[in-house]
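Comments concern the structure below.
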Amino acid sequence: MASPDRVSFRLNGQPVEPSCPPERILLDLLREELRLTGTKRGCDLGTCGCCTVLVDGRPTLSCLTLARLVDGRSVDTIEGLSPAQGLSPVQRSFVEHGATQCGFCTPGFVVTATALLRRNPHPSRAEIEGAIAGNLCRCTGYRKIVEAIEAAAGGR
Amino acid sequence: MHLDPFELHRPTSVEEAVRLARELAGRCDYLAGGTDLLPNYKMHLNLRPHLIALGDVRELRGHSLDRVGAAEPLADLEADPEFRAAYPGVADALGEVATPLVRASGTLGGNLLVETRCFFFNQSYFWRSSLGFCLKADGDKCHVVPQKERCYATFSGDLAPAFLTLDAEVEVAGPSGRRRRPLSELYDAAGDGIRRLSLAPGELVVALHLPRAARGQRGRYKKLRVRPSFDFPELGVAVAGRWDERSVDRLSLAVGGVETYPRRFDELTSPLLGAPLTTDRVDELAEAVLRKVRPVHNTFLLPDYRRRMVAVYVRRALAEAREGGAAG
Numbered sequence: 031m032a033s034p035d036r037v038s039f040r041l042n043g044q045p046v047e048p049s050c051p052p053e054r055i056l057l058d059l060l061r062e063e064l065r066l067t068g069t070k071r072g073c074d075l076g077t078c079g080c081c082t083v084l085v086d087g088r089p090t091l092s093c094l095t096l097a098r099l100v101d102g103r104s105v106d107t108i109e110g111l112s113p114a115q116g117l118s119p120v121q122r123s124f125v126e127h128g129a130t131q132c133g134f135c136t137p138g139f140v141v142t143a144t145a146l147l148r149r150n151p152h153p154s155r156a157e158i159e160g161a162i163a164g165n166l167c168r169c170t171g172y173r174k175i176v177e178a179i180e181a182a183a184g185g186r
Numbered sequence: 004m005h006l007d008p009f010e011l012h013r014p015t016s017v018e019e020a021v022r023l024a025r026e027l028a029g030r031c032d033y034l035a036g037g038t039d040l041l042p043n044y045k046m047h048l049n050l051r052p053h054l055i056a057l058g059d060v061r062e063l064r065g066h067s068l069d070r071v072g073a074a075e076p077l078a079d080l081e082a083d084p085e086f087r088a089a090y091p092g093v094a095d096a097l098g099e100v101a102t103p104l105v106r107a108s109g110t111l112g113g114n115l116l117v118e119t120r121c122f123f124f125n126q127s128y129f130w131r132s133s134l135g136f137c138l139k140a141d142g143d144k145c146h147v148v149p150q151k152e153r154c155y156a157t158f159s160g161d162l163a164p165a166f167l168t169l170d171a172e173v174e175v176a177g178p179s180g181r182r183r184r185p186l187s188e189l190y191d192a193a194g195d196g197i198r199r200l201s202l203a204p205g206e207l208v209v210a211l212h213l214p215r216a217a218r219g220q221r222g223r224y225k226k227l228r229v230r231p232s233f234d235f236p237e238l239g240v241a242v243a244g245r246w247d248e249r250s251v252d253r254l255s256l257a258v259g260g261v262e263t264y265p266r267r268f269d270e271l272t273s274p275l276l277g278a279p280l281t282t283d284r285v286d287e288l289a290e291a292v293l294r295k296v297r298p299v300h301n302t303f304l305l306p307d308y309r310r311r312m313v314a315v316y317v318r319r320a321l322a323e324a325r326e327g328g329a330a331g
């Protein structure tokens, strides 16, 4: 348990204990206090999925999460899903399939897709489409995103 | 969008949560998944200076076929094949709530108690201040029905209609102890629309209980919305029952998304018991439900369209429930 004005949690595997007033949203804490700007602010109301992070491995909308409530838990952002060198299999697949255009929604998709493949390593196309139904992309039309996730699942 | 400051409380038991809420009477909200409350707080809708977070109250979590904890995430119900098979109408509704990301945090209790919605309410503070505030937040008039002093904001939960058809009961904890009552009584149909729940100040929904007879019925939930993802219902129709070609043994129908409360229409379904569910009878039922509902112009689709779609969705829900057969 952190001191009263702080929150203590594991961020991408490392313990952190930033100061944090009760009204601070996790997205704001990540971007503005901890300077991890890979997590994007899209709608800020839970509609678009751009701000998705993993809390104890579960995809979570960081724009609708009070930062204090991740006390004692484990948070993984897009930065934490990449290996020290290069790209994760999902990231590499997104690049190879051209599944990104402006790129703003991409971190959210990669986090959601990573959680899906950990839970269900061989999802059907319908399961992929279902899992990403909370992530909006205004550029690609989704087809290449679905193909990229399918390919990452197949290890291609 | 940043939130205004508030004090955050983290009780670890139902009794502690209720005691806090009583001490903070009228100045607090309960916070579970936050997927409804926090967007509203970001829009400066009915802010309270204290939030009572329920995530550490273990009793509110977990589910079985008999009981669902109020703070159980919708995704955890959805991920349980036994639960889905036992309650096919609820399974439909679970898959239709918002998006998988919202369902990962959003809870059963949050969906049953979801704030009612309206064009003139679900807007930023600046937008609302430009037009003039409404009855439901900060103002004293209704922009939808200006001559009335009641609120017409629409009940927008998907799960309540489905659970209503199964005779579910809610367990509520309050300063004077616990009680169970039918889910339908959670909604205060005699209220002014602003007061839309029958909960006393500080009362907390602890769990939903399902009777043994709720299992294994035919069931379906059909949702009308503009986008097949995220959107709140413009109409939701739930049916459940037991019937075969010869006779209807049980039939229940509930509608949400068109009025301030989800409603069950026993007076229209009970005459169908004991006889076969013919196309003519289904058509009559569909038209009768259509005549009963009174949507107003406060959501994206026009009220007349939503009303006419009630009949279409009643027919579809019953047809699909018939195709799907009984589960369990």
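Protein sequence lines correspond, in order, to chains A and B.
Count the first sequence with our numbering and you get residues 31 to 186, in order.
Count the second sequence with our numbering and you get residues 4 to 331, in order.
Even glycine gets a Cβ: it sits at the ideal position worked out from N, Cα and C.
Taking the alpha helix (DSSP H) that residue i falls in, what are its first and last residues?
{"i": "B:Lys-151", "result": "Neither: B:Lys-151 is in no alpha helix (DSSP H) and is coded neither H nor E."}
{"i": "A:Val-141", "result": "136 to 149"}
{"i": "B:Gly-98", "result": "91 to 99"}
{"i": "A:Leu-111", "result": "108 to 111"}
{"i": "B:Val-17", "result": "17 to 26"}
{"i": "B:Val-285", "result": "282 to 295"}
{"i": "A:Gly-160", "result": "155 to 161"}
{"i": "B:Val-60", "result": "Where B:Val-60 is concerned, there is no enclosing alpha helix (DSSP H), given that its DSSP letter is neither H nor E."}
{"i": "A:Leu-117", "result": "Premise fails: A:Leu-117 is in no alpha helix (DSSP H) and is neither H nor E."}
Residues of chain B with CB under 7 Å from residue i, in chain order?
{"i": "A:Thr-130", "result": "Within chain B, no residue comes near A:Thr-130; the closest Cβ sits about 19 Å away, beyond 7 Å."}
{"i": "A:Ala-163", "result": "Thr-102, Pro-103, Ser-232"}
Is DSSP giving residue i helix, strand or coil here?
{"i": "A:Gly-102", "result": "coil"}
{"i": "B:Ala-330", "result": "Confidence is the limiting factor: at B:Ala-330 the pLDDT is only 44, short of 50, which leaves the residue's position unreliable and the question unanswerable from this model."}
{"i": "B:Phe-124", "result": "coil"}
{"i": "B:Val-242", "result": "strand"}
{"i": "A:Leu-41", "result": "strand"}
{"i": "B:Thr-38", "result": "coil"}
{"i": "A:Thr-95", "result": "coil"}
{"i": "B:Pro-185", "result": "strand"}
{"i": "B:Gly-109", "result": "coil"}
{"i": "B:Val-313", "result": "helix"}
{"i": "B:Leu-207", "result": "strand"}
{"i": "B:Asp-234", "result": "coil"}
{"i": "B:Leu-48", "result": "coil"}
{"i": "B:Leu-200", "result": "strand"}
{"i": "B:Tyr-190", "result": "strand"}
{"i": "A:Ser-33", "result": "coil"}
{"i": "B:Pro-76", "result": "strand"}
{"i": "A:Ser-49", "result": "strand"}
{"i": "B:Arg-266", "result": "strand"}
{"i": "B:Arg-221", "result": "strand"}
Going along chain A in order, which residues have a C-beta closer than 9 Å to the C-beta of residue i?
{"i": "B:Ala-56", "result": "Leu-96, Arg-98, Leu-99"}
{"i": "B:Ser-250", "result": "Near B:Ser-250 there are no residues of chain A at all, since even the closest Cβ is about 36 Å away, more than 9 Å."}
{"i": "B:Glu-10", "result": "Pro-52"}
{"i": "B:His-5", "result": "Glu-53, Arg-54, Ile-55, Asp-58"}
{"i": "B:Leu-41", "result": "Ile-55, Leu-75, Gly-76, Cys-93, Leu-94, Thr-95, Leu-96"}
Please return the same chain residues whose Cβ sits closer than 7 Å to the Cβ of residue i, not counting the five positions on each side in sequence.
{"i": "B:Gly-113", "result": "Ala-35, Gly-36, Thr-38, Asp-39"}
{"i": "B:Met-4", "result": "Lys-45"}
{"i": "B:Ser-250", "result": "Gly-277, Ala-278, Pro-279"}
{"i": "B:Ser-108", "result": "Gly-36, Gly-37, Thr-38, Pro-76"}
{"i": "B:Ala-330", "result": "The pLDDT assigned to B:Ala-330 is 44, lower than 50, so where the model puts this residue is not dependable; a value taken from the coordinates is nonetheless given after this. Excluding positions up to five away in sequence, the list reads Ala-88, Ala-89, Pro-91, Gly-219."}
{"i": "B:Glu-290", "result": "Ala-314"}
For a contact defined as C-beta to C-beta under 8 Å, what are the partners of residue i on chain A?
{"i": "B:Thr-38", "result": "Gly-76, Leu-91, Leu-94"}
{"i": "B:Ser-108", "result": "Thr-90, Leu-91, Leu-94, Thr-95"}
Which chain A residues sit within Cβ distance under 7 Å of residue i?
{"i": "B:Ser-127", "result": "Correct list: empty, because the minimum Cβ distance to chain A is about 10 Å."}
I'd like to confirm the pairing. Which residues does DSSP put opposite residue i in its beta bridges?
{"i": "B:Lys-226", "result": "B:Gly-239"}
{"i": "B:Glu-10", "result": "B:His-53"}
{"i": "A:Pro-89", "result": "A:Leu-84"}
{"i": "B:Cys-137", "result": "B:Ala-140, B:Asp-141"}
{"i": "B:Asp-32", "result": "B:Leu-54"}
{"i": "A:His-152", "result": "Paired residues: none, contrary to the question."}
{"i": "B:Thr-157", "result": "B:Arg-120"}
Considering only residues of the same chain and omitting the five flanking positions on each side of residue i, which have a CB-CB separation below 6 Å?
{"i": "A:Pro-89", "result": "Thr-82, Thr-142, Ala-145"}
{"i": "A:Arg-54", "result": "Ala-97"}
{"i": "A:Ala-182", "result": "Pro-119, Val-120, Ser-123"}
List the residues of chain B that residue i touches, going by C-beta distances under 8 Å, in chain order.
{"i": "A:Thr-82", "result": "Leu-104"}
{"i": "A:Gly-79", "result": "Thr-102, Leu-104"}
Would you mind reading off the limits of the beta strand (DSSP E) that contains residue i?
{"i": "B:Glu-174", "result": "172 to 177"}
{"i": "B:Leu-254", "result": "251 to 259"}
{"i": "A:Val-176", "result": "Element bounds for A:Val-176: not the beta strand (DSSP E) but the alpha helix (DSSP H), 173 to 184."}
{"i": "B:Val-71", "result": "70 to 72"}
Name the chain B residues that come within less than 9 Å of residue i, Cβ to Cβ?
{"i": "A:Gly-160", "result": "Gly-98, Pro-103"}
Can you find the residues in the same chain that come closer than 8 Å, C-beta to C-beta, to residue i, ignoring five residues on each side of it along the sequence?
{"i": "B:Val-17", "result": "Val-60, Glu-62, Leu-63, Ala-176, Leu-207, Val-209"}
{"i": "B:Arg-198", "result": "Asp-191"}
{"i": "B:Leu-6", "result": "Leu-41, Tyr-44, Lys-45"}
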